[in-house]
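First up is the structure itself, then whatever we jot down about it.
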Amino acid sequence: MGSTPKPRRGNTRQRIQDVALELFAEQGYEKTSLREIAEHLQVTKAALYYHFKTKEDILNSIFEDLNRPVEELLEWGQEQPRTLETKKEILVRYSEALRAAAPLFVFMQENQATVRELSIGHTIKHRVIALVDLIKEPDAPLTDQVRCFTALMAMHAGIFALRDAEGDPEEKREAALEVAIELVTRAHDPGSAA
């Protein structure tokens, strides 16, 4: 966690986001000040304030930028037929979005109480519910609803819970995706093998 994340783009706004996210993950959101972010960037607090008025503004901008693929996935998924192939494709695309937004999700895991209090906590909850609705049948029995919700949580575990486990991060992500697909396949076709 001590190394500077690879910048997503070279502009000042992106540099602010990258440094802030690194500091939020290392020190915690509450313990990180705008002054510290400015110092790490070697700019004045006024220069930072030009782009973002508050830490929450920075966090919201990071969330919106890194979560844009999830929004696009939700829009795409709502237009597709409820086939097993569509559900698998939703999981594959979600897995890729999680990989791209891994630093944000690591921050969220390390700062759960803060995230719940901020506006992004509410948004995240509703996006997960919307994703579950795309991969479960409308009249699914409770066990199949649990399978679909657990499929998404398995993918999150590929980032969070398995972070300290031995192995290549990509292999962990692929393993979590495989488990998620098995769960959704079982929920889609209850007669299929477990």
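This note's numbering puts the first residue of the sequence shown at 52, with every later residue one more than the last.
Think of the CB as a built atom: it goes at the ideal place given N, C-alpha and C, for glycine as much as any other residue.
- Would you kindly work out how many angstroms separate the C-alpha atoms of Thr174 and Ala181, rounded to a whole number? Taking the first residue of the sequence shown as 1, we reach residue 174 at position 123. Taking the first residue of the sequence shown as 1, we reach residue 181 at position 130. Distance between the alpha carbons of Thr174 and Ala181: 11 Å.
- Item | Boundaries of the alpha helix (DSSP H) in which Arg167 is found, first to last residue | Residue 167 sits at position 116 when you count from the first residue of the sequence shown. Note, Arg167: alpha helix (DSSP H), 163 to 168.
- What whole-angstrom Cβ distance do Ala152 and Asn118 have, given they're in contact under 8 Å? Taking the sequence shown and counting its residues from 1, the one referred to as residue 152 is at position 101. Taking the sequence shown and counting its residues from 1, the one referred to as residue 118 is at position 67. Indeed they touch by this definition, with Cβ atoms about 6 Å apart.
- Item | Cut-off 6 Å between Cβ atoms - residues of its own chain near His207, not counting five sequence neighbours on either side | Residue mapping note: residue 207 aligns to position 156 of the sequence shown, counting from 1. Counting only Cβ-Cβ distances below 6 Å, and skipping sequence neighbours, we find nothing.
- Task: Following the continuous alpha helix (DSSP H) through Lys104, name the residue where it begins and the one where it ends.
- Result: The residue you call residue 104 lines up with position 53 of the sequence shown. Per DSSP, Lys104 belongs to no alpha helix (DSSP H) and is neither H nor E.
- Whole alpha helix (DSSP H) runs in the region 123 to 192 with 4 or more residues, listed along the chain? 135 to 151, 153 to 161, 163 to 168, 170 to 186
- Message: Determine whether the beta carbon atoms of Leu282 and Arg198 lie at a separation below 8 Å.
- Response: Residue 282 falls outside the range modelled here, since the chain spans only 52 to 245, and no answer is possible.
- Query: Do the region 68 to 87 and the region 95 to 115 touch if we need at least three Cβ pairs shorter than 8 Å?
  - Reply: yes
- Query: Since Ala89 contacts Ala98 with CB under 8 Å, what's their CB separation in whole angstroms?
  - Reply: One-based indexing of the sequence shown puts residue 89 at position 38. One-based indexing of the sequence shown puts residue 98 at position 47. About 7 Å separates the two Cβ atoms, so the contact holds.
- Take Arg144 as the anchor and find which of Ile232, Arg237, Asp240 has the nearest alpha-carbon. The sequence position of residue 144 within the sequence shown is 93, counting from 1. Nearest option by C-alpha distance: Ile232.
- Task: For the alpha helix (DSSP H) containing Val94, list its first residue and its last residue.
- Result: Taking the first residue of the sequence shown as position 1, residue 94 is located at position 43. Counting along the chain, Val94 falls outside any alpha helix (DSSP H), and DSSP gives it neither H nor E.
- Query: What is the residue span of the alpha helix (DSSP H) that Asp69 lies within?
  - Reply: By one-based count along the sequence shown, residue 69 stands at place 18. Note, Asp69: alpha helix (DSSP H), 63 to 78.
- Specify whether the region 155 to 171 and the region 210 to 227 touch according to this definition: at least 3 beta carbon pairs, one from each stretch, less than 8 Å apart. yes
- For Ala205, three-class secondary structure by DSSP: Taking the sequence shown and counting its residues from 1, the one referred to as residue 205 is at position 154. Helix at Ala205.
- Taking the continuous alpha helix (DSSP H) assigned at Lys223, which residues delimit it? Here residue 223 refers to the residue found at position 172 of the sequence shown. Here the alpha helix (DSSP H) through Lys223 covers 220 to 239.
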